[in-house]
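Counted from 1, the sequence shown has number 175 at position 171 by this note's numbering; the numbering is strictly sequential.
Here's the structure, in structure tokens; my notes come after.
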Amino acid sequence: MLSKEENLHLNESLARFEEICKHGSKCGVHLYVDAEYISINPALYLLSKAMLLRHNKTKPVLQVTIQAYLKSAKNETEKILKFCRDADIVFGAKIVRGAYLVAEKARAETQGYENPICNSLEATHDNYNEIVESLLRRISRNRNGKIHVMVASHNEDSVTRVVKRLHDFGIDHMRGDVVFAQLYGLSDHVTNWLGANNYPVYKSTPCGSVEETMPYLYRRAQENNRIIKGGKRDRTLINIELSKRLRQLILGNGRKENVQ
5 MLSKEENLHL NESLARFEEI CKHGSKCGVH LYVDAEYISI NPALYLLSKA
55 MLLRHNKTKP VLQVTIQAYL KSAKNETEKI LKFCRDADIV FGAKIVRGAY
105 LVAEKARAET QGYENPICNS LEATHDNYNE IVESLLRRIS RNRNGKIHVM
155 VASHNEDSVT RVVKRLHDFG IDHMRGDVVF AQLYGLSDHV TNWLGANNYP
205 VYKSTPCGSV EETMPYLYRR AQENNRIIKG GKRDRTLINI ELSKRLRQLI
255 LGNGRKENVQ
């Protein structure tokens, strides 16, 4: 039961949520509702569903987030798909692995319930790939624009797998039913390759004050050590590209001097 003050905050939040959705729809912008801890995700999904009913009648204005590191991710995806199908509205989801692995595990141990996180990294990878592939199969069978997917991943294997499946299933990657995304400054070689080959790709940039954005960035650094390793790979690739361009510049200047 919410208190009077909590109900006031909820109503104000819903009014702001509604205005953001209206503006996004008017401007042709897709809005993604992030997922958080499992303790508040049900509330996020409930509020999102209310807005899906109002704004996703013909286009994916609002999209939810599915965390593939959760054991319940496949079931949650199916529930939201059914909700959208029954309401005859457009389904949209951003598929991520998840950023609260340490915190969720610690909370489960402290409060004495089963760890909601997949038992291994491999299991998370499998969950991620299977959820995305299931959605791609649905898109290939029903080319009616009713399903939209954002593949938010820094994992090269997952991105390569999705690109292959798009070709296997005959899905036109220029339609925008499937898009890709990475964090700004991470896996830039993946982003650049996708962009160079005309795949729709987004870069996520946290906006706000230092006090607001640093905790977000710290969580990603703390919870995603594999991404940091990917950052080292990015730097290696950047150094190789810079060296190649410098050699071309030097050799090019040398040829010009010889011609003169």
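Cβ coordinates follow ideal geometry from the N, Cα and C atoms, glycine included.
In this structure, DSSP gives residue 33 a state outside helix and strand, which the three-state scheme calls coil. Runs of the beta strand (DSSP E) lying entirely within the segment 60-117, each at least 3 residues long, are 66-71 and 95-100 in chain order. Taking all protein chains shown into account, residue 104 has 16 or more neighbouring C-beta atoms within 10 Å of its C-beta and is therefore buried. Approximately 10 Å separates the beta-carbon atoms of residue 158 and residue 100; this is outside 8 Å, ruling out the contact. As the crow flies, the alpha-carbon of residue 189 is around 9 Å from that of residue 208.
Counting every other CB atom within 10 Å of its CB across the protein chains shown gives residue 252 a total below 16, marking it as exposed. Sequence-distant partners of residue 81 (beyond 5 residues in either direction) whose C-beta falls short of 8 Å from its own C-beta, in its chain, are 70, 97, 135, 138 and 139. With a contact defined as Cβ atoms closer than 8 Å, residue 95 and residue 152 qualify at about 7 Å.
Cβ contact annotation for residue 117 (same chain, cutoff 7 Å, sequence separation greater than five): none.
Spatial neighbours of residue 120 in its own chain (CB-CB distance under 8 Å, excluding positions within 5 residues in sequence) are listed in chain order as 42, 74, 75, 76, 108 and 112. In the same chain as residue 128, and ignoring 5 residues on each side of it, the C-beta atoms closer than 7 Å to its own belong to 72, 73, 101 and 122, in chain order.
The three-state reading of DSSP puts residue 6 in coil, since its state is none of H, G, I, E or B. Taking a 10 Å sphere around the C-beta of residue 15, we find fewer than 16 other C-beta atoms and assign the residue as exposed. For residue 201, there are no CB contacts under 7 Å within the same chain when 5 residues up- and downstream are skipped. In the displayed model, residue 44 falls within coil according to three-state DSSP, outside both helix and strand. Scanning its chain for C-beta atoms nearer than 8 Å, with the 5 sequence neighbours on each side dropped, one finds no residue around residue 5.
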